[in-house]
Amino acid sequence: MEVAFKDSDLDRLETDAKFDAGFSPGVVKAFRKRMQVIRSAVDERVFYAMKSMHFEKLKGDKEGQYSMRLNDQWRLILQFKAEAPNKMVVVVSIEDYH
Numbered sequence: 027m028e029v030a031f032k033d034s035d036l037d038r039l040e041t042d043a044k045f046d047a048g049f050s051p052g053v054v055k056a057f058r059k060r061m062q063v064i065r066s067a068v069d070e071r072v073f074y075a076m077k078s079m080h081f082e083k084l085k086g087d088k089e090g091q092y093s094m095r096l097n098d099q100w101r102l103i104l105q106f107k108a109e110a111p112n113k114m115v116v117v118v119s120i121e122d123y124h
């Protein structure tokens with residue numbers, strides 16, 4: 027899947043081993059693992075099939091966005107853009123759900 031980032035810090039977080047963007051090492055590690063899964067996925071059905079990700083469509087002021095669990099506290103927020111010929115996922119943010 028093609029990936030874009032809404033925030034340049036999230037792009038750097040994926041690729042720069044020394045950069046943590048203010049997140050704990052556990053959150054950074056989980057983010058990088060999720061990014062590997064996202065990049066290797068054909069489409070979002072893969073995320074629904076992996077129950078441990080808790081992939082879900084959001085409602086209310088976040089309608090049109092999706093969340094994916096990083097750990098019990100942190101979620102990765104995504105949006106999808108259908109652009110021919112490939113679908114693109116936009117990594118919006120990492121948010122604290124507590």
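Quick note: to get my numbering, add 26 to the position in the sequence shown (first position is 1).
Just so it is clear, CB atoms sit at the ideal spot from N, CA and C, and this is done for glycine as well.
Since this is a predicted model, take the numbers as computed values, not measurements.
Would you say Ser-119 and Lys-59 are within 9 Å of each other, going by their C-beta atoms? no
From what residue to what residue does the beta strand (DSSP E) around Tyr-15 run? Missing from the structure shown is residue 15; the chain here goes from 27 to 124 and no further.
In this structure, does DSSP put Lys-171 in helix, strand or coil? With the chain running from 27 to 124 in the structure shown, residue 171 is simply not present.
Buried or exposed for Phe-81, please, with buried defined as at least 16 other CB atoms from any protein chain shown within 10 angstroms of its CB. buried
Would you tell me roughly how many angstroms separate the C-alpha atoms of Gln-91 and Trp-100, rounded to the nearest one? 15 Å
Please report the residue range of the beta strand (DSSP E) in which Ser-119 lies. 113-122
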